[in-house]
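Encoded as structure tokens, the structure appears first; notes follow it.
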Amino acid sequence: MRRPLAIAGMVFLSILLVSPIYAKIDQKAVVGMWLFEEGSGNTAVDSSGKGNDGAISGPKKWVQGKFGKALQFDGSSVWVEVPFNDSQVLPELTMVAWGNIKSSKGIGWQSIMMRGQNPRNYLLVIDKDSQKLQLSITKGAADAWAGPIDGPVVTDGNWHHMAGVIGQKAGLTIYLDGVKVGSQAYSKPSLDANPPHIRIGDGSAGGHQLDGVLDEVALFNIPLEEADIKEIMEKGLEATTGLKAPVDSKGKLATVWGRIKN
Numbered sequence: 314m315r316r317p318l319a320i321a322g323m324v325f326l327s328i329l330l331v332s333p334i335y336a337k338i339d340q341k342a343v344v345g346m347w348l349f350e351e352g353s354g355n356t357a358v359d360s361s362g363k364g365n366d367g368a369i370s371g372p373k374k375w376v377q378g379k380f381g382k383a384l385q386f387d388g389s390s391v392w393v394e395v396p397f398n399d400s401q402v403l404p405e406l407t408m409v410a411w412g413n414i415k416s417s418k419g420i421g422w423q424s425i426m427m428r429g430q431n432p433r434n435y436l437l438v439i440d441k442d443s444q445k446l447q448l449s450i451t452k453g454a455a456d457a458w459a460g461p462i463d464g465p466v467v468t469d470g471n472w473h474h475m476a477g478v479i480g481q482k483a484g485l486t487i488y489l490d491g492v493k494v495g496s497q498a499y500s501k502p503s504l505d506a507n508p509p510h511i512r513i514g515d516g517s518a519g520g521h522q523l524d525g526v527l528d529e530v531a532l533f534n535i536p537l538e539e540a541d542i543k544e545i546m547e548k549g550l551e552a553t554t555g556l557k558a559p560v561d562s563k564g565k566l567a568t569v570w571g572r573i574k575n
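Per the numbering used here: the sequence shown ends with 575, consecutive numbering throughout.
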């Protein structure tokens, strides 16, 4: 009798060891998750289930990223445009991305993610003058900006994990490579509800194109904690949310998403 019990125990233990362990981040908090695993086509598929698929403009090129494939942005004609829906109007939020960004001098920004422009809402960008990561938010064109808050220089030819957090208690906080590098108090993270779209790799009205590679881009409707951001950086979005890059029966990406099965 002991032998079958011992075997059963070993089998159970082996299942625990090989089964993925996911973080506490609630899947409902994920507004958009763009893993850029497509490899072809014109759509950046959203794995969140919120319907925030993006249209990829310009010449498409996928390269090796931090987790699987990544999307190459050419600094002029490539960006991802995500049409508006109500899930994008966020009083509190977190934006994250892996990026390997080239230096680009001039006036303006290289945009990682931006919703709205004139009036702008929330944006995570790289300032072309300083080459530093910046985070800002505003209610509308006539309202005062909160930020920009600066992080370190990120256009050094290396991969960096970048995150911007906005919330009542969190204020505006920037994380680089899992470490808090800047923060600013902010008590009014309210957004204009007018429906400007989101763009990844450019400003919402153009003119802020990014030159480099992006991978593992996501938008959350909560201000994530430092431990959550570090876990996303180290383990990737799939492992920390339990959401998967959607795959159809032929192995191609489709607009459905994977979820954890009990």
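Where is the CB? At the ideal position from N, CA and C, for every residue including glycine.
From residue i to residue j, what distance separates their C-alpha atoms?
{"i": "ASN534", "j": "SER517", "result": "20 Å"}
{"i": "LYS415", "j": "GLY364", "result": "31 Å"}
{"i": "ALA342", "j": "ILE542", "result": "14 Å"}
{"i": "ALA457", "j": "TYR499", "result": "Note on ALA457: pLDDT 49, under 50, position unreliable in the model; no value is reported."}
{"i": "LEU403", "j": "GLY352", "result": "30 Å"}
{"i": "GLN497", "j": "GLY484", "result": "6 Å"}
{"i": "THR468", "j": "ASP399", "result": "33 Å"}
{"i": "PHE380", "j": "ASP442", "result": "30 Å"}
{"i": "GLU405", "j": "PRO536", "result": "6 Å"}
{"i": "VAL492", "j": "ILE545", "result": "12 Å"}
{"i": "GLN481", "j": "THR407", "result": "12 Å"}
{"i": "TRP422", "j": "LEU446", "result": "9 Å"}
{"i": "GLU350", "j": "ASP463", "result": "30 Å"}
{"i": "GLU551", "j": "ASP515", "result": "25 Å"}
{"i": "PHE386", "j": "GLY549", "result": "21 Å"}
{"i": "GLN595", "j": "THR553", "result": "The chain is shown from 314 up to 575; residue 595 falls before or after that span and cannot be answered."}
{"i": "TYR335", "j": "GLU547", "result": "With a pLDDT of 47 at TYR335, under the threshold of 50, the modelled position of this residue cannot be trusted; read the value that follows with caution. Using only the alpha carbons, I get a separation of about 12 Å."}
{"i": "ALA383", "j": "ILE338", "result": "23 Å"}
With a cut-off of 8 Å on the beta carbons, I'd call residue i and residue j a contact; round off their distance for me.
{"i": "ASN413", "j": "VAL526", "result": "5 Å"}
{"i": "VAL438", "j": "SER424", "result": "5 Å"}
Return the bridge partner residues of residue i from the DSSP annotation.
{"i": "ASP387", "result": "ASP524"}
{"i": "TRP411", "result": "HIS474 and ASP528"}
{"i": "LEU485", "result": "ILE479 and GLN497"}
{"i": "THR356", "result": "ALA368"}
{"i": "ASP440", "result": "TRP422"}
{"i": "GLN447", "result": "VAL438 and ASP463"}
{"i": "PHE349", "result": "Beta-bridge pairing links PHE349 to no other residue."}
{"i": "LEU406", "result": "ILE479"}
{"i": "VAL344", "result": "None, per the DSSP bridge assignment."}
{"i": "GLN377", "result": "LYS382"}
{"i": "MET546", "result": "Beta-bridge pairing links MET546 to no other residue."}
Name the residue from the options whose alpha carbon lies nearest to the alpha carbon of residue i.
{"i": "ASN355", "options": "VAL409, ASP366 and MET346", "result": "ASP366"}
{"i": "SER449", "options": "THR468, GLY429 and LYS382", "result": "GLY429"}
{"i": "ILE487", "options": "TRP422, ASP339 and GLU538", "result": "GLU538"}
{"i": "THR451", "options": "ASP490, ILE479 and GLN444", "result": "ILE479"}
{"i": "TRP347", "options": "GLU529, ALA540, MET546 and GLU547", "result": "GLU529"}
{"i": "ASP440", "options": "LEU523, LEU485, GLN340 and ILE545", "result": "LEU523"}
{"i": "LYS418", "options": "VAL467, ASN398 and GLN444", "result": "GLN444"}
{"i": "ASP490", "options": "MET427, VAL466 and LEU384", "result": "VAL466"}
{"i": "ILE420", "options": "LYS548, GLY378, HIS521 and GLU551", "result": "HIS521"}
{"i": "TYR435", "options": "GLN385, ALA383 and PRO461", "result": "PRO461"}
{"i": "MET427", "options": "LEU550, GLU547, LEU532 and ALA540", "result": "LEU532"}
{"i": "TRP411", "options": "VAL395, GLN377 and PRO396", "result": "GLN377"}
{"i": "ALA476", "options": "ASP515, GLY519 and ALA540", "result": "ALA540"}
{"i": "ALA368", "options": "PRO396, PHE386 and ASP339", "result": "PRO396"}
{"i": "GLY519", "options": "LYS548, ALA383, GLN385 and GLU394", "result": "GLU394"}
{"i": "VAL344", "options": "GLN401, ILE338 and GLU547", "result": "GLN401"}
- Item | Touch test, the stretch 468-477 against the stretch 509-517, Cβ-Cβ under 8 Å, three pairs minimum | Taking 8 Å as the limit for Cβ pairs, the verdict is that the stretch 509-517 does not touch the stretch 468-477.
- Query: Counting pairs of Cβ atoms below 8 Å between the stretch 355-362 and the stretch 538-557, do you hit three or more?
  - Reply: Yes, the stretch 355-362 is in contact with the stretch 538-557.
- Between the stretch 385-397 and the stretch 367-377, do three or more beta carbon pairs fall short of 8 Å? Result yes; three or more Cβ-Cβ pairs closer than 8 Å.
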